[in-house]
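Single-structure report; data block below.
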Amino acid sequence: QSALTQPASVSGSPGQSITISCTGTSSDVGVYNYVSWYQQHPGKAPKLMIYEVTNRPSGVSNRFSGSKSGDTASLTISGLQAEDEADYYCSSYRSDSTVVFGGGTKLTVL
Amino acid sequence: EVQLVESGGALVQPGRSLRLSCTTSGFTFGDYAMSWVRQAPGKGLEWVSFVRGKAFGGTTQYAASVKGRFIISRDDSKSIAYLQMNSLQIEDTAMYYCTRDGGSNYGAFDIWGQGTKVTVSS
Chain A
34 QSALTQPASV SGSPGQSITI SCTGTSSDVG VYNYVSWYQQ HPGKAPKLMI YEVTNRPSGV
94 SNRFSGSKSG DTASLTISGL QAEDEADYYC SSYRSDSTVV FGGGTKLTVL
Chain B
146 EVQLVESGGA LVQPGRSLRL SCTTSGFTFG DYAMSWVRQA PGKGLEWVSF VRGKAFGGTT
206 QYAASVKGRF IISRDDSKSI AYLQMNSLQI EDTAMYYCTR DGGSNYGAFD IWGQGTKVTV
266 SS
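Heads up: the sequence lines are chains A and B, in that order.
Sequential numbering from 34 applies to the first sequence in our numbering.
Sequential numbering from 146 applies to the second sequence in our numbering.
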């Protein structure tokens with residue numbers, strides 16, 4: 034059960050935009066629009082930021098957006114702020130009815 | 146307020162069993178699928194198991210790493226989800242989070258508990 038592939042780290046300056054990729058296969062990201070993104074600050078539980086590829090839960094800033102092309106999903110954060118510094122994880126539903134997470138990406142705000 | 150509170154984490158020896166509980170409040174428990182997600186120290190998130198609501202047959206699924214050893218269940222009358230962990234291995238050491246699937250039944254975990262720590266060591 035291989036994890037989805039994410040870059041280990043990304044960085045950006047305040048006000049800039051960054052994009053985190055999440056690459057899966059034709060058995061998960063490529064075939065289902067059930068991709069989610071989570072933000073996790075150190076010592077805290079994860080928080081849902083995006084679900085079903087593009088949808089934001091109530092209360093999540095519109096600076097966060099999601100997209101998908103083929104087997105790769107992406108999370109874009111615009112207008113970077115210091116509080117965005119955290120770990121980000123993608124997840125997808127799979128054709129075997131399980132769920133798989135990405136390895137996680139550490140976002141550093143310079 | 147919607148809340149998930151995990152309990153039952155402990156230090157246990159390899160090969161032993163442990164049962165985690167997830168006590169919920171603030172929503173109609175039976176309408177939602179519930180999942181367990183774990184995070185080993187310093188590592189990423191790993192989905193462990195889910196159980197769907199009665200309307201979806203109460204079906205269960207497991208990650209390959211725990212299949213045959215862990216059993217997920219739910220008591221809708223008490224609004225509690227459980228994870229029975231048998232034949233525990235050192236690799237099962239992790240923080241275990243209880244999560245609610247936001248409604249799609251396909252892995253959008255919109256509510257998380259604070260986690261309960263499981264340490265497997267001799």
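Built from N, CA and C at the ideal position, the CB exists for glycine as well.
Residue i - partner residues in DSSP beta bridges
i	result
residue 157 (chain B)	B:265
residue 129 (chain A)	In DSSP, residue 129 (chain A) forms no bridge with anything.
residue 193 (chain B)	According to DSSP, residue 193 (chain B) bridges with nothing at all.
residue 110 (chain A)	A:51 and A:97
residue 56 (chain A)	A:38 and A:105
Where residue i sits in the DSSP three-state scheme
i	result
residue 61 (chain A)	coil
residue 215 (chain B)	strand
residue 246 (chain B)	strand
residue 146 (chain B)	coil
residue 151 (chain B)	strand
residue 199 (chain B)	helix
Residue span of the beta strand (DSSP E) that contains residue i, given as start and end
i	result
residue 86 (chain A)	Element bounds for residue 86 (chain A): n/a, residue is neither H nor E.
residue 164 (chain B)	163-170
residue 138 (chain A)	138-142
residue 42 (chain A)	42-45
residue 234 (chain B)	Looking at the DSSP string, residue 234 (chain B) is not in any beta strand (DSSP E), and its letter there is neither H nor E.
- Item | Members of the segment 251-263 of chain B that neighbour chain A once the beta carbon cut-off is set at 9 Å | Going along the segment 251-263 of chain B in chain order, one finds 251, 252, 253, 254, 255, 256, 257, 258, 259 and 260 with a Cβ nearer than 9 Å to chain A.
- Taking 8 Å as the threshold, find out whether the segment 61-77 of chain A comes into contact with the segment 212-228 of chain B through three or more Cβ pairs. With a cut-off of 8 Å, the segment 212-228 of chain B and the segment 61-77 of chain A do not count as touching, because too few Cβ pairs lie within range.
- At a cut of 8 Å, does the segment 118-136 of chain A reach the segment 54-73 of chain A through at least three beta carbon pairs? The segment 118-136 of chain A, when compared against the segment 54-73 of chain A, does touch it at the 8 Å Cβ threshold.
- Item | Given 8 Å, three or more beta-carbon pairs between the segment 98-109 of chain A and the segment 76-87 of chain A | Touching, yes, given that three or more Cβ pairs across the two stretches are closer than 8 Å.
- Message: By the 9 Å beta-carbon criterion, what residues does the segment 167-188 of chain B contribute toward chain A?
- Response: Residues passing the 9 Å Cβ filter: 180, 182, 184 and 188.
- Which residues, taken in chain order from the segment 203-214 of chain B, show a beta carbon closer than 9 Å to some beta carbon of chain A? Hits within the stretch, in order: 204, 206, 207, 208, 209 and 210.
- Message: With three or more beta-carbon pairs closer than 8 Å as the criterion, would you say the segment 105-112 of chain A touches the segment 149-164 of chain B?
- Response: They do not touch, by the three-pair rule.
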